[in-house]
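Numbering (the working numbering), first residue to last: 661 to 1082.
All C-beta atoms, glycine included, are put in the ideal place defined by N, C-alpha and C.
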């Protein structure tokens, strides 16, 4: 049974930080100048009711994002939990919240713990790396405030992970970043590449800093990237360096989501994340005013599906898929991707970033293609070992002992990441 995923923006684009690479802050221009970026009770209640009703799976996960959702105060989320309560008789309700961590207090963390919230904290690495791009509205560094928030989460034993954005400079210091997280007793990490194109002034987008999504199956004339965008092979090298360290010392102790996604693809499971899924269109975004968009990365007028106050969420998902938003991701793949040895690991990546051209001069290639392929090809030998351990009911952590000796590569497993059947 295929579920849907909805990411809610209860504070819209409002944020107390002004990170260089944030693609979302400028979305405030889509709304009236004096609009209050705060989800009303009516929108909140309707969103919860619609989401539970439209979710076909027994579990419903509410993901609260931003902007910065903690700007709304603890009472807003107490109210959200109250509105969810009647549905807990029929569904398992979970809550996740992504925060920059700077506004966290004991009160917040006590609420997270008692309500079972899972928290994602945006932290790019040690102070010099983090503060390069993540500053507040006054241009001041934010590292110390984020670390204070992180320590409060640890103090109250709140479940959390760290989302680290990998910008151009960050990619040159992989082990410094990884060792920092390890030294801070951070056990769950996700690395997100920073990819943004500059808006093309000729296209009338000069009011925005960043370009709108790529066209996929036709030439994308604007390939000018922002200066902090990570370079493709450098991102692959970044992941490889950390993987080599992790696979020898930290399997079962530190969990890197990027590595788990790769193993998941290798053993033939569907991707748990939309960027590496074969198709997309089931991961929607709900704005503070109830507007629903086809994706968090596609909050542009042409991708608006309706409003939670007046339209049915299930039908909006159907509209997203029927419009070609989902299947178009697969149909528009360049032949270069269709013949790729690691197709099933990435399925062309996020459509927003498919603005490059293949070596055959085909449009619609994912910007990070070279880096993704380098990483996936490199780790195949380890994925073989993981697969053998899992198939024999052995803990994955035994890979650390297995790779000390000669690696046992099973030839037939070499095709697990290809588009061909095994």
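Between residue i and residue j, is the Cβ-Cβ spacing less than 8 Å?
{"i": "residue 1031", "j": "residue 896", "result": "yes"}
{"i": "residue 826", "j": "residue 781", "result": "no"}
{"i": "residue 1023", "j": "residue 829", "result": "no"}
{"i": "residue 1025", "j": "residue 996", "result": "yes"}
{"i": "residue 760", "j": "residue 775", "result": "no"}
{"i": "residue 908", "j": "residue 1037", "result": "no"}
{"i": "residue 945", "j": "residue 894", "result": "no"}
{"i": "residue 1028", "j": "residue 779", "result": "no"}
{"i": "residue 958", "j": "residue 873", "result": "yes"}
{"i": "residue 850", "j": "residue 918", "result": "yes"}
{"i": "residue 985", "j": "residue 943", "result": "no"}
{"i": "residue 967", "j": "residue 951", "result": "yes"}
{"i": "residue 732", "j": "residue 670", "result": "yes"}
{"i": "residue 1011", "j": "residue 989", "result": "yes"}
{"i": "residue 769", "j": "residue 810", "result": "no"}
{"i": "residue 847", "j": "residue 927", "result": "no"}
{"i": "residue 737", "j": "residue 923", "result": "no"}
{"i": "residue 757", "j": "residue 824", "result": "no"}
{"i": "residue 839", "j": "residue 773", "result": "no"}
{"i": "residue 883", "j": "residue 1016", "result": "yes"}
{"i": "residue 925", "j": "residue 1048", "result": "no"}
{"i": "residue 714", "j": "residue 941", "result": "no"}
{"i": "residue 906", "j": "residue 916", "result": "yes"}
Could you check if residue i is buried or exposed, using at least 16 other CB atoms within 10 Å of its CB as the buried criterion?
{"i": "residue 745", "result": "exposed"}
{"i": "residue 934", "result": "buried"}
{"i": "residue 668", "result": "buried"}
{"i": "residue 663", "result": "exposed"}
{"i": "residue 970", "result": "exposed"}
{"i": "residue 748", "result": "exposed"}
{"i": "residue 766", "result": "exposed"}
{"i": "residue 1019", "result": "exposed"}
{"i": "residue 980", "result": "buried"}
{"i": "residue 674", "result": "buried"}
{"i": "residue 835", "result": "exposed"}
{"i": "residue 677", "result": "buried"}
{"i": "residue 998", "result": "exposed"}
{"i": "residue 666", "result": "buried"}
{"i": "residue 637", "result": "Nothing can be reported for residue 637: it is not among the residues displayed for the chain, which extend from 661 to 1082."}
{"i": "residue 949", "result": "buried"}
{"i": "residue 947", "result": "buried"}
{"i": "residue 692", "result": "exposed"}
{"i": "residue 982", "result": "exposed"}
Using DSSP with H/G/I as helix, E/B as strand and the rest coil, what is residue i?
{"i": "residue 1057", "result": "helix"}
{"i": "residue 758", "result": "strand"}
{"i": "residue 719", "result": "strand"}
{"i": "residue 752", "result": "strand"}
{"i": "residue 898", "result": "helix"}
{"i": "residue 888", "result": "coil"}
{"i": "residue 667", "result": "strand"}
{"i": "residue 775", "result": "helix"}
{"i": "residue 677", "result": "strand"}
{"i": "residue 943", "result": "strand"}
{"i": "residue 604", "result": "Outside the displayed span of the chain (661 to 1082) sits residue 604, for which this structure offers no information."}
{"i": "residue 780", "result": "strand"}
{"i": "residue 672", "result": "coil"}
{"i": "residue 903", "result": "helix"}
{"i": "residue 1062", "result": "helix"}
Near residue i, what residues of its chain come up, given a Cβ to Cβ distance below 6 Å and the 5 sequence neighbours on each side ignored?
{"i": "residue 937", "result": "931"}
{"i": "residue 743", "result": "705 and 708"}
{"i": "residue 741", "result": "775"}
{"i": "residue 885", "result": "857"}
{"i": "residue 684", "result": "673"}
{"i": "residue 1063", "result": "none"}
{"i": "residue 939", "result": "986, 987, 989 and 990"}
By Cβ distance below 7 Å, which residues in the same chain neighbour residue i in space, the five residues on each side in sequence not counted?
{"i": "residue 718", "result": "751 and 752"}
{"i": "residue 803", "result": "787, 790 and 791"}
{"i": "residue 901", "result": "834 and 835"}
{"i": "residue 888", "result": "680, 681, 793, 827, 828 and 854"}
{"i": "residue 1039", "result": "903 and 922"}
For residue i, I'd like the list of residues in its chain whose CB is within less than 8 Å of its CB, leaving aside the five on either flank, ordered along the chain.
{"i": "residue 720", "result": "711, 712, 747, 751, 752, 753 and 754"}
{"i": "residue 911", "result": "1056, 1057, 1059 and 1060"}
{"i": "residue 734", "result": "767, 768 and 771"}
Pick out the complete alpha helix (DSSP H) segments inside the segment 785 to 870, 4 residues or longer, and give them in chain order.
Runs of the alpha helix (DSSP H) inside the segment 785 to 870: 787 to 793, 803 to 815 and 834 to 843.
Please list the segments of the beta strand (DSSP E) lying wholly inside the segment 950 to 1005, counting only runs of 3 or more residues, in order along the chain.
Fully enclosed beta strand (DSSP E) runs of 3 or longer: 951 to 953 and 964 to 967.
At what residue ranges does the segment 996 to 1052 contain a whole run of the alpha helix (DSSP H), taking only runs of 4 or more?
Assignment of alpha helix (DSSP H) within the segment 996 to 1052, counting only whole runs of 4 or more residues, yields 1003 to 1006, 1029 to 1038 and 1040 to 1051 in chain order.
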